[in-house]
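Student:
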Amino acid sequence: MTCEQARMLIDPYLDGELSVALRRDFDTHLGGCPDCQSQVAMARRLGSELAVGNSARALLDVPLPAPLAEQVRAGVHRKRRVGLLGWLLPGVQPSWGRALVNLATVLVLALVAVGGIFWLDG
Numbered sequence: 427m428t429c430e431q432a433r434m435l436i437d438p439y440l441d442g443e444l445s446v447a448l449r450r451d452f453d454t455h456l457g458g459c460p461d462c463q464s465q466v467a468m469a470r471r472l473g474s475e476l477a478v479g480n481s482a483r484a485l486l487d488v489p490l491p492a493p494l495a496e497q498v499r500a501g502v503h504r505k506r507r508v509g510l511l512g513w514l515l516p517g518v519q520p521s522w523g524r525a526l527v528n529l530a531t532v533l534v535l536a537l538v539a540v541g542g543i544f545w546l547d548g
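The sequence shown begins at 427 in this note's numbering and counts up by one.
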């Protein structure tokens, strides 16, 4: 049995769903493969934490794979580069086109309001 085959069988193994022959093959592979032993231990720990109801804590204890962690870090750094307006208004990530449209809308509404006031007075 290869590691790839064994990893696909971890959940059925832990749930007791494997046939006797497949379980024996899995156990044989597991006995000589530290990587798969680690995967089974992590899945077992996650399953027990979820069963107890500590799902948030269990998910925090599971390490992210290195490529995924790097993608998350890169995404966070990309979000931080917002520019001057983002520095003045934290949490706002404007696009300049949308900001200009909003500014033009406010100016038109202000002109209509001021014009309406003068029209009613006149």
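Heads up, the beta-carbon is just placed ideally off N, CA and C, and yes, glycines get one too.
Keep in mind that this is a model prediction, so the values were computed, not measured.
Can you tell me whether Met427 is helix, strand or coil according to DSSP?
Tutor: Three-state result, Met427: coil.
Student: For Gly442, which of helix, strand or coil comes out of DSSP?
Tutor: Residue state, collapsed to three classes: coil.
Student: Could you tell me whether the Cβ atoms of Met427 and Phe452 are closer together than 8 Å?
Tutor: It is a contact, given that the beta carbons lie within the stated cut-off.
Student: Who are the near neighbours of Ala492 in its chain, counting only those whose CB is closer than 6 Å to its CB and skipping five residues on each side?
Tutor: None.
Student: How many angstroms separate the CA atom of Val540 from the CA atom of Asn528?
Tutor: Whole-angstrom Cα-Cα distance: 18 Å.
Student: Rounded to the nearest angstrom, what separates Ala432 and Glu496 at their Cα positions?
Tutor: In a straight line, the C-alpha of Ala432 is about 27 Å away from that of Glu496.
Student: What is the C-beta distance between Arg471 and Leu440, in whole angstroms, given that I count them as a contact (C-beta under 8 Å)?
Tutor: So it is not a contact: roughly 11 Å between Cβ atoms.
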